[in-house]
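2 protein chains.
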Amino acid sequence: MPAAAVDSQMGVARTVKALRARVDGWRSAGLTVGFVPTMGALHDGHLSLVRRANQYAQRTVASIFVNPAQFAPTEDFSAYPRQESADLEMLQKAGCHLAFVPTAEEMYPEGFQTSVSVGAVSQGLCGASRPHFFGGVATVVAKLLNQVRPDAAVFGEKDYQQLLVIRRMVKDLNMSVDIIGAPILREADGLAMSSRNAYLSAEGRAVAGRLNGVISAMAEKLAGGAAVDATVADGKSAIESAGFDRLDYLEVRSSDLLEPMGPGPVTKPSRVFVAAITGKTRLIDNWPVEMGA
Amino acid sequence: MPAAAVDSQMGVARTVKALRARVDGWRSAGLTVGFVPTMGALHDGHLSLVRRANQYAQRTVASIFVNPAQFAPTEDFSAYPRQESADLEMLQKAGCHLAFVPTAEEMYPEGFQTSVSVGAVSQGLCGASRPHFFGGVATVVAKLLNQVRPDAAVFGEKDYQQLLVIRRMVKDLNMSVDIIGAPILREADGLAMSSRNAYLSAEGRAVAGRLNGVISAMAEKLAGGAAVDATVADGKSAIESAGFDRLDYLEVRSSDLLEPMGPGPVTKPSRVFVAAITGKTRLIDNWPVEMGA
Numbered sequence: 020m021p022a023a024a025v026d027s028q029m030g031v032a033r034t035v036k037a038l039r040a041r042v043d044g045w046r047s048a049g050l051t052v053g054f055v056p057t058m059g060a061l062h063d064g065h066l067s068l069v070r071r072a073n074q075y076a077q078r079t080v081a082s083i084f085v086n087p088a089q090f091a092p093t094e095d096f097s098a099y100p101r102q103e104s105a106d107l108e109m110l111q112k113a114g115c116h117l118a119f120v121p122t123a124e125e126m127y128p129e130g131f132q133t134s135v136s137v138g139a140v141s142q143g144l145c146g147a148s149r150p151h152f153f154g155g156v157a158t159v160v161a162k163l164l165n166q167v168r169p170d171a172a173v174f175g176e177k178d179y180q181q182l183l184v185i186r187r188m189v190k191d192l193n194m195s196v197d198i199i200g201a202p203i204l205r206e207a208d209g210l211a212m213s214s215r216n217a218y219l220s221a222e223g224r225a226v227a228g229r230l231n232g233v234i235s236a237m238a239e240k241l242a243g244g245a246a247v248d249a250t251v252a253d254g255k256s257a258i259e260s261a262g263f264d265r266l267d268y269l270e271v272r273s274s275d276l277l278e279p280m281g282p283g284p285v286t287k288p289s290r291v292f293v294a295a296i297t298g299k300t301r302l303i304d305n306w307p308v309e310m311g312a
Numbered sequence: 020m021p022a023a024a025v026d027s028q029m030g031v032a033r034t035v036k037a038l039r040a041r042v043d044g045w046r047s048a049g050l051t052v053g054f055v056p057t058m059g060a061l062h063d064g065h066l067s068l069v070r071r072a073n074q075y076a077q078r079t080v081a082s083i084f085v086n087p088a089q090f091a092p093t094e095d096f097s098a099y100p101r102q103e104s105a106d107l108e109m110l111q112k113a114g115c116h117l118a119f120v121p122t123a124e125e126m127y128p129e130g131f132q133t134s135v136s137v138g139a140v141s142q143g144l145c146g147a148s149r150p151h152f153f154g155g156v157a158t159v160v161a162k163l164l165n166q167v168r169p170d171a172a173v174f175g176e177k178d179y180q181q182l183l184v185i186r187r188m189v190k191d192l193n194m195s196v197d198i199i200g201a202p203i204l205r206e207a208d209g210l211a212m213s214s215r216n217a218y219l220s221a222e223g224r225a226v227a228g229r230l231n232g233v234i235s236a237m238a239e240k241l242a243g244g245a246a247v248d249a250t251v252a253d254g255k256s257a258i259e260s261a262g263f264d265r266l267d268y269l270e271v272r273s274s275d276l277l278e279p280m281g282p283g284p285v286t287k288p289s290r291v292f293v294a295a296i297t298g299k300t301r302l303i304d305n306w307p308v309e310m311g312a
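Protein sequence lines correspond, in order, to chains A and B. According to the working numbering, the first sequence is numbered sequentially starting from 20. According to the working numbering, the second sequence is numbered sequentially starting from 20.
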């Protein structure tokens with residue numbers, strides 16, 4: 020079959036062997052490879068990552084794998100939305116060349132017993148309320164990067180802490196891949212796109228849409244020199260007033276190492292990080308403090 | 020400089036950048052690459068690994084790095100023998116093409132915070148008395164394999180548990196490298212070659228030389244159908260009689276997963292594993308039970 024025919028439609032690999040056969044073919048042809056790991060339930064945010072990968076490489080692989088190792092027993096692993104055929108169609112339209120859709124058995128065969136963990140940058144924020152999360156993420160991403168062996172991999176800034184964890188892991192373990200962060204895509208009212216938004220009731224959706232306004236206003240105040248502690252206190256009130264049921268965290272941390280800022284004005288490039296719950300849905304978001312802007 | 024001249028003498032790389040420049044040059048020339056990680060203080064056992072790597076690949080890299088992360092504070096990190104120029108000369112004579120000799124700062128720059136850990140196969144034996152050991156080993160070997168990117172890496176069976184830990188890690192993390200085990204080289208009296216043999220007093224050396232006789236006799240009895248518990252009890256007496264100051268462990272475990280055998284005869288391919296102390300020196304050794312031999 021001529022190469023053009025092979026590449027005119029997106030392939031689907033369900034095993035590492037099939038994945039590598041395809042990727043090795045590209046390599047032999049001198050093509051560069053980009054990679055976008057996902058848990059499926061795709062939305063425009065994911066597709067923007069695929070398009071970004073296509074800017075960095077000539078072929079793009081996207082994986083769809085709901086990773087059991089990054090969910091705690093109390094979390095929403097079983098309920099996490101799954102819609103494979105819709106996902107595959109969206110990936111193809113976005114210009115993805117190969118979808119890698121492994122089973123849990125392919126990823127974690129019997130006897131599996133290795134884990135990768137990252138230290139300080141995994142602590143706090145989502146690492147505090149989800150203690151197994153980043154270990155599970157680091158391990159599965161290490162596997163995926165070794166399976167795909169891409170030149171570049173794209174991660175969304177919505178999961179900003181995850182992006183830093185992956186950057187740290189790749190650097191510390193001397194993995195040969197460029198890690199590219201991509202900006203958050205937002206709905207018309209500014210709500211960060213997320214697969215978990217599908218859980219929201221109409222009322223919850225209205226509440227959720229107010230989160231980004233709170234943190235962007237905080238970021239603007241902080242950029243103007245406001246003290247972190249007072250700004251966070253005001254932000255907490257605003258989130259309560261917005262109708263959220265519970266605040267997991269609202270913090271200002273440095274953009275490179277996630278060092279806590281405050282109590283006074285921020286002293287280096289920082290972001291406002293938030294996780295808040297409405298109904299049964301936990302939403303996260305973050306916003307950069309544009310210093311000197 | 021023509022390639023022949025470059026390869027006629029062994030190179031020395033002290034940074035990952037220099038290492039990769041050399042290895043990438045080989046790759047571009049279509050050459051395969053073997054790798055032997057060491058902590059220096061080389062002896063014929065190490066050199067046999069280099070020669071074995073040369074059977075599997077056209078170019079061989081050996082690393083010399085005394086990895087602080089695999090020593091506990093109470094262990095012999097500072098005292099561990101270091102003899103770089105002698106090591107480099109030995110490597111060159113053994114046919115090594117490139118020595119990678121990184122500093123601790125090159126391996127663990129400020130901010131380093133990632134670790135790789137392997138589960139069940141790291142438990143027991145050396146993992147029991149040296150709880151940080153295999154985590155430190157897995158992390159540094161993951162780094163070295165990603166730095167060198169070899170086709171094959173050779174590990175001695177003297178550190179048999181380490182070999183299994185590395186095999187497991189490579190499989191679990193989908194790393195693209197063949198892990199090759201190489202048989203133990205022994206002195207004339209059967210003492211397994213080890214850098215730590217240099218610590219032995221004349222008296223300790225005589226005691227040490229009796230260890231292999233005890234475990235090989237045990238392996239022979241077990242191969243003949245003797246019960247594990249009785250054989251181990253006899254072995255413990257023999258090690259005490261041989262003059263050792265302390266026994267760390269003496270166990271019979273399966274060769275693939277290190278499952279404990281006994282109390283009756285072994286039920287699958289197994290090895291006798293021992294760690295014993297004479298003076299300040301801890302010696303390890305292992306011997307296969309030749310079933311059906």
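Think of the CB as a built atom: it goes at the ideal place given N, C-alpha and C, for glycine as much as any other residue.
(1) Please name the residues in the segment 31-63 of chain B whose beta-carbon is closer than 7 Å to at least one beta-carbon of chain A, in chain order.
(2) If I follow the unbroken alpha helix (DSSP H) through Val42 (chain A), where does it start and stop?
(3) Could you name the residues of the same chain whose beta carbon sits closer than 7 Å to that of Ala257 (chain B), not counting the 5 residues immediately before and after it, in chain order?
(4) At what residue ranges does the segment 141-171 of chain A contain a whole run of the alpha helix (DSSP H), taking only runs of 4 or more?
(5) With a threshold of 8 Å, are at least 3 pairs of Cβ atoms found where one atom belongs to the segment 136-147 of chain B and the other to the segment 57-65 of chain B?
(6) Under a Cβ-count criterion, where at least 16 other Cβ atoms within 10 Å of its own Cβ denotes burial, should Gly81 (chain B) be classed as buried or exposed?
(7) Terminal residues of the continuous beta strand (DSSP E) containing Tyr13 (chain B)?
(8) Just to confirm my understanding: we take Val184 (chain A), look at its own chain, exclude 5 residues before and 5 after, and list those with CB closer than 7 Å. What are they?
(9) Between the C-alpha atoms of Leu182 (chain A) and Leu164 (chain A), what's the straight-line distance to the nearest angstrom?
(10) If we call anything under 8 Å between Cβ atoms a contact, is Met58 (chain A) one with Tyr99 (chain A)?
(11) Could you please tell me which residues of the segment 193-222 of chain A, in chain order, have their CB closer than 8 Å to any CB of chain B?
(12) Helix or strand or just coil, what does DSSP make of Pro284 (chain A)?
(13) How about Pro282 (chain A) and Val226 (chain A): are their beta carbons less than 8 Å apart?
(14) Apart from the five residues on each side of it in sequence, which residues of its chain come closer than 6 Å, Cβ to Cβ, to Tyr75 (chain B)?
(15) Of the choices B:Gln132, B:Glu270, B:Glu103 and B:Leu192, whose alpha-carbon is the least far from that of Leu241 (chain B)?
(16) Taking Leu204 (chain B) as the reference, which of B:Pro279, B:Val31, B:Val42 and B:Arg71 has the closest Cα?
(17) If you measure beta-carbon to beta-carbon, which residues of the segment 130-141 of chain B are closer than 9 Å to chain A?
(18) Taking only beta-carbon atoms, is Pro21 (chain A) less than 8 Å away from chain B?
(19) Where Cys115 (chain A) and Ala238 (chain B) are concerned, what is the direct C-alpha to C-alpha distance, given to the nearest angstrom?
(20) Among residues of its own chain, excluding the 5 on either side of Gly146 (chain B), which ones have a beta-carbon nearer than 8 Å to its beta-carbon?
(21) Since Leu269 (chain A) sits in a beta bridge, which residues does DSSP pair it with?
(22) Cβ of Lys162 (chain A) within 8 Å of Cβ of Leu192 (chain B)?
(23) Using a Cβ-Cβ cut-off of 6 Å (strictly less than) and excluding sequence neighbours within five positions of Arg265 (chain B), which residues of its own chain qualify?
(24) List the residues of chain A whose Cβ lies closer than 7 Å to the Cβ of Ala161 (chain B), in chain order.
(25) Hey, does Gln166 (chain B) have any beta-carbon neighbour from chain A nearer than 8 Å?
Reading it off the structure:
(1) Val35
(2) Val35 to Ser47
(3) Val233
(4) 145-148 and 152-167
(5) no
(6) The residue you asked about is not Gly; residue 81 (chain B) is Ala in the sequence shown. Buried, by the Cβ-count rule.
(7) This structure gives no information on residue 13 (chain B), because the portion of chain B shown stretches from 20 to 312.
(8) Val137, Val140, Ser141, Phe153, Val156 and Ala157
(9) 14 Å
(10) yes
(11) Asn193, Met194 and Ser195
(12) coil
(13) no
(14) Gly53 and Ala171
(15) B:Glu270
(16) B:Arg71
(17) Gly130, Phe131, Gln132, Thr133, Ser134, Val135, Ser136, Val137, Gly138, Ala139, Val140 and Ser141
(18) Residue placement at Pro21 (chain A) is poorly supported in this model, since its pLDDT is 41, which falls under 50; the coordinates still yield a value, given next. By this cut-off, Pro21 (chain A) is not an interface position.
(19) 57 Å
(20) Phe152, Phe153 and Gln180
(21) A:Val293
(22) yes
(23) Ile296
(24) Leu192
(25) yes
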